[in-house]
Amino acid sequence: MARLPATGKLSAVSSVRRRLLVKGTVQGVGFRPFAYRLATALGLAGCVWNTPEGVVVEVEGKAEGVAEFQERLSVEAPPLARIAEVKAEELPPTGESGFRIIRSAAGERPTASIPPDVAVCEECAREIGEREDRRFGYPFTNCTNCGPRFTIVLGIPYDRPQTTMSGFDMCLRCRAEYTNPEDRRFHAEPVACEECGPSLLLDGRPAPDGIAQGARLLAGGKVVAVKGMGGYHLACDARNSSAVETLRTRKGRGQKPFAIMVRDLEEAQRVAEVSGRAAAMLTSPESPVVIMPARPGSGLASGIAPRQATVGVMLPYTPLHRLLMSQSPAALVMTSGNLAEEPIEHRDEEARRKLGPISDHILSHNREIAVPCDDSVVRVEGDLVIPVRRARGYVPRSVAVDIAGPPALAMGGHHKNTFCLLREGEAILSQHIGDLDTEEVLDYFGRAIQHFQRLFEVRPEVVAHDLHPGYLSTQYAQALEGVRLVPVQHHHAHVVSVMAELGLPGPVIGVSYDGTGYGSDGTAWGGEILIADRRDFKRAMHLRPVPMPGGEGAVRRPARMGLSHLIAAFGVDEGLHQARRLMPHLSDAEARVVARQIERGINCPLTSSMGRFFDAVAALLGASAEVTYEGQPAMELEAMASGVVGDAGQPGKLLPHELGPYPYELGDGIIDVRPTVRAIVGELENGAPMAEIAARFHETVAAFTIEACKRLHDQGAPADVVLCGGVMQNARLLARLLDGLRETGLRPHLHREVPPNDGGLSLGQAVVGACRAGSPRPA
Ligand SMILES: [Zn+2]
Ligand SMILES: [Zn+2]
18 MARLPATGKL SAVSSVRRRL LVKGTVQGVG FRPFAYRLAT ALGLAGCVWN TPEGVVVEVE
78 GKAEGVAEFQ ERLSVEAPPL ARIAEVKAEE LPPTGESGFR IIRSAAGERP TASIPPDVAV
138 CEECAREIGE REDRRFGYPF TNCTNCGPRF TIVLGIPYDR PQTTMSGFDM CLRCRAEYTN
198 PEDRRFHAEP VACEECGPSL LLDGRPAPDG IAQGARLLAG GKVVAVKGMG GYHLACDARN
258 SSAVETLRTR KGRGQKPFAI MVRDLEEAQR VAEVSGRAAA MLTSPESPVV IMPARPGSGL
318 ASGIAPRQAT VGVMLPYTPL HRLLMSQSPA ALVMTSGNLA EEPIEHRDEE ARRKLGPISD
378 HILSHNREIA VPCDDSVVRV EGDLVIPVRR ARGYVPRSVA VDIAGPPALA MGGHHKNTFC
438 LLREGEAILS QHIGDLDTEE VLDYFGRAIQ HFQRLFEVRP EVVAHDLHPG YLSTQYAQAL
498 EGVRLVPVQH HHAHVVSVMA ELGLPGPVIG VSYDGTGYGS DGTAWGGEIL IADRRDFKRA
558 MHLRPVPMPG GEGAVRRPAR MGLSHLIAAF GVDEGLHQAR RLMPHLSDAE ARVVARQIER
618 GINCPLTSSM GRFFDAVAAL LGASAEVTYE GQPAMELEAM ASGVVGDAGQ PGKLLPHELG
678 PYPYELGDGI IDVRPTVRAI VGELENGAPM AEIAARFHET VAAFTIEACK RLHDQGAPAD
738 VVLCGGVMQN ARLLARLLDG LRETGLRPHL HREVPPNDGG LSLGQAVVGA CRAGSPRPA
């Protein structure tokens, strides 16, 4: 940055004044007091205030001091600040003395950015553990570096009166901290203490010793609903099998794994193989649930993650959780407090009504949750990080995108819904909303969209939605008035979502392996290799389509996909014969009905889905007959390949490259896996170990994908390969693809924070929508 000469003729010759506009996540993170301390230390005069665009600082003093201030402003910014840009402008010096923090004026239109919720910081954690500290044992301790943010904000600007803390009048000591720029709690909006802040309730009654009582109940095997930061959890002792079973039965959860919360990092290492990367994620300010390889013999109840080789672990991220876990069993199930498939409970009245029958007791508090927000989830295997759900700790942090289109709203998909707002230069993804199947979730979806539009002051002109006419998110978009609708193909949106997060302009080869998504030709796609940019795409390769008996109903009965792939590979008679042999849980009657459906094409849409191909192979290898959560068969298949689940011939990990792929055929635009299915059936006849077959199956998918990408590249496609879709949560497949593509000279790309599953769809939709609605493509 070139320094301009000062223009004020009357001021001292050596004095300059500079205005700095700091953009990014800079409000509610202690930026103004930081600027105050820095300016004061350098002997500069001036002021700092919040504006709708960011934080503005004006500093005046010696040229060297002003230059140093500007440099250190970026380098030494508070831990939670994320500076996107600093714009500097020279002003005439005014001769003022001292440095002032200007409060947000009423009537202004802030705020640039609302920060995500932040896990308890080390200083606050120390205070609640020190007997002589005035916040000893206080579960709602927080400061400028930690505590609730997004989940307590009712409106803008982000100031205490616009949060759910507005009803708590600060005591004199808290107010002194809040108003002192030198204090760690200066303008920490939720600042509180025992005397003036929120307090605990047990079963609806004030309970100053609620933590000790709750811990005793948990140790005694009870199920306790615990109100945290973004909603209620259901908790029980993770080493008490009968408590875990009770919770699973009452919640109606099927086989879906439970997340657990453990006392500290040492305990995490007792239950899981914690890589360095995983430890960093566990202890980060975002503090997500980290899915890691489970450690055998840790004593966790087997009902926590049935037929899985992994376990999802988080550390206590609020003072309440820290205090509870210091007295309770060292590992607790901590699963979202909701009935199956409903949004996480966050309102006290409803929580009592709905969670009452599931839990034995309710430990809550009187700080209201303005916006519900689930725990975020990432999967970590060694250095590989796969985002699974983006919510608490990340939302509403924006993703920078270099698109100057009109403001846009993208509705997301049907499963794992999130939506996305796009305004100049940034995309703001919502928290995980859920599957749009029920009234409750739809209602939550609508309210969240309204809240986001108010909070971020976006009036969308463009609304992007999935091509699927039956999605409720599509119908919601079509009911909006005065906006331009842009339908976006499902797998194209997945690919562009990665491009947007990484700033890839494209074109790219987009490998989008998924459950099913509506294709441009009306069939169900899902095993797609596209050549795509941010506007358009070409379907370059796809899995050879097979019938999906009963349509989406086939998802719950993977054996039907098994039969469909057997019939494709062997014909009807031999296919039926193999099905009876390999999938005994598929009754004769059901098999015959499904075969007739396939032969006559009754309610049998064609699908090229990779997810359904995984289902089919999982069924042949004896995975669970009934699917109770999305992706279950593929997750069981991956667990089988690691030798943990099923009749593993050799325990321990098999090296995939020693096993080689099964045969397949790459035709003109078609990946034909009939030879693969025939080979797997042959292996089963020969009594090969399940672990080996499962591992070689993964190797096969990697091999044909790499070969297809290489062929496309040889034909002139770019070397950048984007890997996305729900199937890319499979760490074994992903690791092989990354290695193999690099060996071939191609450049694979993955999401960093945004999930590759349908939770990341809205980002891609928003960008495609804005690109298509913007200026027409240059020739
Ligand atoms: Zn703190
Ligand atoms: Zn107080």
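Quick note: the sequence shown uses this note's numbering, first residue 18, plus one each step. Glycine included, every Cβ here is placed at the ideal spot set by N, Cα and C.
Would you list the one or two residues that DSSP bridges to residue i?
i	result
Asp737	Arg764
Met342	Answer is none; Met342 lacks a bridge partner.
Ala752	DSSP lists no partner for Ala752.
Glu75	Arg36 and Cys64
Ala105	Leu37
Gly527	Leu547 and Val739
Tyr249	Lys244
His482	Pro504
Met707	DSSP, once it has assigned bridges, lists no residue as partnering Met707.
Met351	Ala252
Asp689	Glu682
Thr180	Val170
Val261	Answer is none; Val261 lacks a bridge partner.
At a threshold of 7 Å, does residue i count as lining ligand 2 (C-beta to nearest heavy atom)?
i	result
Cys788	no
Ala658	no
Glu212	yes
Gly193	The sequence given here places Ala at residue 193; Gly does not occur at that position. No; taking the cut-off as 7 Å, the Cβ of Ala193 has no heavy atom of ligand 2 nearer than that.
Cys253	no
Ala205	no
Ala209	yes
Arg190	yes
Met187	yes
Reducing DSSP to helix, strand and coil, say where residue i ends up.
i	result
Arg20	Confidence at Arg20 is low in this model, with a pLDDT of 46, below 50, so its placement is unreliable and no value can be given for it.
Cys726	helix
Lys268	helix
Cys160	strand
Thr111	coil
Cys788	helix
Tyr493	helix
Gly146	helix
Leu97	coil
Asp632	helix
Leu299	helix
Asp731	helix
Ala52	helix
Glu682	strand
Thr42	strand
Met278	strand
Met516	helix
Gly776	helix
Glu716	helix
Val170	strand
Pro223	strand
Tyr535	strand
Phe153	coil
Gly124	Low per-residue confidence applies at Gly124: pLDDT is 43, beneath 50, and the placement is therefore not dependable, though the value from the model is reported in the following sentence. Coil.
Arg192	helix
Val744	helix
Leu217	strand
Ile361	coil
Ile119	coil
Val9	Nothing can be reported for residue 9: it is not among the residues displayed for the chain, which extend from 18 to 796.
ask   = Near ligand 1, which residues have their beta-carbon less than 5 Å from any of its heavy atoms, given in chain order?
value = Here the residues come out as Cys138, Cys141, Cys160, Asn162 and Cys163.
ask   = Which runs of the alpha helix (DSSP H), 4 residues or longer, sit entirely within the region 418–476?
value = 456–473
key: Entirely enclosed alpha helix (DSSP H) segments - the region 365–410, minimum 4 residues   = 365–372
request  = Could you pull out every unbroken beta strand (DSSP E) segment of at least 3 residues lying fully inside the region 542–630, listed in chain order?
outcome  = Whole beta strand (DSSP E) segments, 3+ residues: 554–560.
request  = Would you list, in sequence order, the uninterrupted beta strand (DSSP E) runs of no fewer than 3 residues that lie entirely inside the region 282–332?
outcome  = DSSP runs (the beta strand (DSSP E)) wholly in the region 282–332: 306–310 and 327–331.
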